[in-house]
Amino acid sequence: MQHIPQPHEIYRHFKGNTYQIITIAEHSETGEMLVIYQAMYGNYKTYARSMDMFLEKLDKEKYPQATQEYRFEVVSIAAKKPEIEPAGEVKKAEIESLREVVKKAEIERSKEVVKKAEIEPAKKLVEELAIEPEGVLTNATAIQSTDEEEEQALNIDPQVLKFLDADSYEERLNILTGIHHRITDDMINVMAIATDIEVKPGDIEERYVELRNCLLKLEKFECNRLR
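Residues in the sequence shown are numbered consecutively from 1, following the UniProt record's numbering.
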């Protein structure tokens with residue numbers, strides 16, 4: 001059975017462009033189910049297409065170069081709840097996972113501090129005895145290198161963590177604007193995952209603008225829902 005589109009899901013058109021499902025509507029006269037979806041590029045236009053047409057298979061004779069089986073194919077599956085959820089509920093699993101990574105990193109750093117404390121007296125004793133400390137120095141260097149690599153790989157900016165904990169899209173937009181001058185691709189990736197937004201690889205400024213525009217759209221939907 002073919003998957004039925006749900007709000008927030010991302011679909012790829014057979015020509016390559018991506019679209020986000022806004023909602024599923026019912027035609028007031030005919031009762032026909034309609035898919036309301038928005039372009040994730042350009043002016044972010046919103047479209048409506050019948051469910052049957054949205055889910056139809058692609059005409060291979062008309063489009064022989066197309067690689068997809070269907071006109072639209074799902075890229076990311078939405079959560080079970082079909083309605084727009086508050087920003088604080090978005091991607092809880094990903095946020096908790098990131099927190100676990102930070103926690104483990106702190107534990108590992110503590111362990112390395114203890115190891116260094118044990119090695120330092122041995123190094124000092126070797127130096128006093130005028131013995132070539134090849135093994136000790138090699139181990140210490142390896143530990144220091146590992147510690148620096150882990151710290152560099154697992155260190156998450158405090159503002160990014162604040163972004164993950166934000167209770168509204170308005171607050172997330174303010175945080176994003178505040179770190180614009182020093183934002184990195186990794187920061188954009190984490191924030192995009194947490195808000196279920198697809199940001200394509202490319203120039204970092206273009207990726208920032210794309211993420212910000214998507215958050216502005218979500219903020220607008222959030223405000224309309226709360227009215």
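We put the CB at the ideal spot given by N, CA and C, even for glycine.
In the DSSP assignment, HIS13 is bridged to PHE72. Annotation: MET53 to ILE4 spans about 12 Å, alpha carbon to alpha carbon.
Taking the C-beta atoms as reference points, ILE77 is found nearer than 8 Å to GLU9.
In this structure, the straight-line span from the alpha carbon of ILE197 to that of GLU32 is close to 29 Å. Rounded to whole angstroms, the Cβ separation of TYR37 and TYR11 is 7 Å, and the two are in contact under 8 Å.
When DSSP states are grouped into helix, strand and coil, MET40 belongs to the coil group. Taking 8 Å as the cut-off, the beta carbon of ARG71 is found closer than this to the beta carbon of PHE14.
In the pairwise beta carbon analysis, the region 204-213 is classified as not touching the region 155-162: fewer than three pairs are separated by under 8 Å. When only Cα atoms are considered, ARG212 and TYR19 end up about 17 Å apart. For GLN20, DSSP records a beta bridge to ILE10 and GLN38. Here the C-alpha atom of ILE204 lies approximately 29 Å from the C-alpha atom of TYR47. Looking from the CA of ASN174, the closest CA among ASP186, VAL190 and GLU219 belongs to GLU219.
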